[in-house]
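Participant: Residue numbers (the UniProt record's numbering): 1 to 221.
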Amino acid sequence: MHVSDALSKRRSTRAFLDTPIETARLTRLIAQASRAPSGGNLQPWHVHLLNGAAMTRFHATMAPRLDAGQTDPLEYPIYPPSLSEPYRTRRFAVGEQMYARLGIPRTDKAKRLEWFHRNWRFFDAPAGLFLFTDRMMGAAQWSDLGGFLQTLMLLLVEDGLASCPQEAWAMHHTAVTDFCDTPPDLMLFCGLAIGIPDPAHPLATFETERAPQTEWLTLHE
Numbered sequence: 001m002h003v004s005d006a007l008s009k010r011r012s013t014r015a016f017l018d019t020p021i022e023t024a025r026l027t028r029l030i031a032q033a034s035r036a037p038s039g040g041n042l043q044p045w046h047v048h049l050l051n052g053a054a055m056t057r058f059h060a061t062m063a064p065r066l067d068a069g070q071t072d073p074l075e076y077p078i079y080p081p082s083l084s085e086p087y088r089t090r091r092f093a094v095g096e097q098m099y100a101r102l103g104i105p106r107t108d109k110a111k112r113l114e115w116f117h118r119n120w121r122f123f124d125a126p127a128g129l130f131l132f133t134d135r136m137m138g139a140a141q142w143s144d145l146g147g148f149l150q151t152l153m154l155l156l157v158e159d160g161l162a163s164c165p166q167e168a169w170a171m172h173h174t175a176v177t178d179f180c181d182t183p184p185d186l187m188l189f190c191g192l193a194i195g196i197p198d199p200a201h202p203l204a205t206f207e208t209e210r211a212p213q214t215e216w217l218t219l220h221e
């Protein structure tokens, strides 16, 4: 598969089959993804992979927290507090398009919240990972985390798997760090749901739009 093909096929998949994924298959792909570039070759990623019984234990750990409606104060802003245009419109549009595909109207706040809470089950993916970085790292190293994630997501596509990056896990960083038993100097960046996509789900063919090149490319010749 060409890189361009993997890129065009990649989706943020939010519905997975319960088909188990071999741990060796996942660790192989994660090892390949570590070839992603990083400034100074710092390789600032720390990966915790959950699969099989570990995923079951994690769901059991999360259950009472979710039942109580408990969340954590964010350690970093997932979005800027005052999101300006055109970013605000782009974010609003993708949410409305997704909920329209799901048949959940804007007025049904309870259903929308119920769907959002599927994040905390990795959208029923059989495997998932959490990506941490050292708290000393800055913006440059966080961009390296994005490069690692993109590399891994494309490798997953090439291998017949799908994924969904989830910064929303920042809302439960305490539960995640407790379960993963990470040291205090590591900070949770995001999760990544991994599995085989459910082809029958309404979101199976959902594709987000991209702004035209004229909005973000300035050409100098």
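For glycine and all other residues, C-beta sits at the position ideal for the given N, C-alpha and C.
Please read these numbers as outputs of a predicted model, since none were measured by experiment.
1) Cutting at 6 Å between CB atoms, please list the residues of its own chain near Thr208, excluding the five before and the five after it.
2) Note the first and the last residue of the continuous alpha helix (DSSP H) segment covering Ser4.
3) How far does the alpha helix (DSSP H) with Ala31 in it extend, from its first residue to its last?
4) Taking Ala168 as the reference, which of Phe189, Thr151, Leu161 and Gln150 has the closest Cα?
5) Could you tell me which whole alpha helix (DSSP H) segments of length 4 or greater appear in the stretch 48-112?
6) How is Gly138 classed by DSSP in three states: helix, strand or coil?
7) For the alpha helix (DSSP H) containing Ala175, name the first residue and the last one.
8) Are the stretch 89-104 and the stretch 202-217 touching by the rule of at least three beta carbon pairs closer than 8 Å?
9) In or out: Thr177 buried (at least 16 other Cβ within 10 Å) or exposed?
10) Note down, in chain order, each residue of its chain lying with its Cβ closer than 8 Å to the Cβ of Trp115, except the 5 sequence neighbours on either side.
11) Can you tell me whether His117 is helix, strand or coil according to DSSP?
12) Alpha carbon to alpha carbon, what distance is there between Asp108 and Gln32?
13) For Phe206, which of helix, strand or coil comes out of DSSP?
14) Among Ala6, Ala15 and Ser4, whose alpha-carbon lies nearest the alpha-carbon of Ala204?
15) Would you kindly work out how many angstroms separate the C-alpha atoms of Gly69 and Ala60, rounded to a whole number?
16) Return the bridge partner residues of Ser12 from the DSSP annotation.
17) For Thr214, which three-state DSSP category applies?
18) Report the three-state DSSP secondary structure of Ala127 (helix, strand or coil).
19) Going by beta-carbon coordinates alone, are Thr23 and Ala162 separated by less than 7 Å?
20) Would you call the stretch 142-149 in contact with the stretch 39-50, where contact means no fewer than 3 C-beta pairs closer than 8 Å?
21) Is there a Cβ from chain C that is less than 7 Å from the Cβ of Leu49?
22) Could you pull the DSSP bridge partners for Pro197 from this structure?
Facilitator: Working from what's here:
1) Here residue 208 corresponds to residue number 208 of the sequence shown, with the count starting at 1. Taken in chain order, the residues that qualify are Val94.
2) Walking along the sequence shown from the start, residue 4 turns up at place 4. From DSSP, the alpha helix (DSSP H) with Ser4 extends over Val3 to Lys9.
3) Translated into positions along the sequence shown, residue 31 becomes position 31. Where Ala31 is concerned, the enclosing alpha helix (DSSP H) stretches over Thr23 to Ala33.
4) Here the question's residue 168 lines up with position 168 in the sequence shown. Closest by alpha carbon: Phe189.
5) 53-67 and 87-102
6) The count along the sequence shown starts at 1 and reaches residue 138 at position 138. Reduced to three states, the DSSP call for Gly138 is coil.
7) As a first step, residue 175 must be located in the sequence shown, where it is residue number 175. From DSSP, the alpha helix (DSSP H) with Ala175 extends over His173 to Cys180.
8) yes
9) Along the sequence shown, read from residue 1 onward, the residue named residue 177 stands at position 177. Buried is the call here.
10) As a first step, residue 115 must be located in the sequence shown, where it is residue number 115. Excluding residues within five positions, the ones whose Cβ falls inside 8 Å are Tyr99, Leu102 and Ile104.
11) Numbered from its first residue, the sequence shown carries residue 117 at position 117. Note: His117 maps to helix in three-state DSSP.
12) Locating residue 32 in the sequence shown gives position 32, counting from the first residue. Locating residue 108 in the sequence shown gives position 108, counting from the first residue. The alpha-carbon atoms of Gln32 and Asp108 are separated by roughly 43 Å.
13) Counted from its first residue, the sequence shown places residue 206 at position 206. Coil at Phe206, not helix or strand.
14) As a working note, residue 204 is residue 204 in the sequence shown. The shortest Cα separation from Ala204 among Ala6, Ala15 and Ser4 belongs to Ala15.
15) Within the sequence shown, the letter at position 69 stands for residue 69. Within the sequence shown, the letter at position 60 stands for residue 60. Looking at the two C-alpha atoms, the distance is approximately 15 Å.
16) Against the sequence shown, residue 12 aligns to sequence position 12. According to DSSP, Ser12 bridges with Ser163.
17) Indexing the sequence shown from 1 puts residue 214 at position 214. Reduced to three states, the DSSP call for Thr214 is helix.
18) Along the sequence shown, read from residue 1 onward, the residue named residue 127 stands at position 127. Ala127 falls in the strand class under three-state DSSP.
19) As a working mapping, residue 23 is identified with position 23 in the sequence shown. As a working mapping, residue 162 is identified with position 162 in the sequence shown. No; because the gap between Cβ atoms is not below 7 Å, this pair is not in contact.
20) yes
21) Within the model displayed, chain C is absent; a lone protein chain is all it includes.
22) One-based indexing of the sequence shown puts residue 197 at position 197. Paired residue(s): Phe16.
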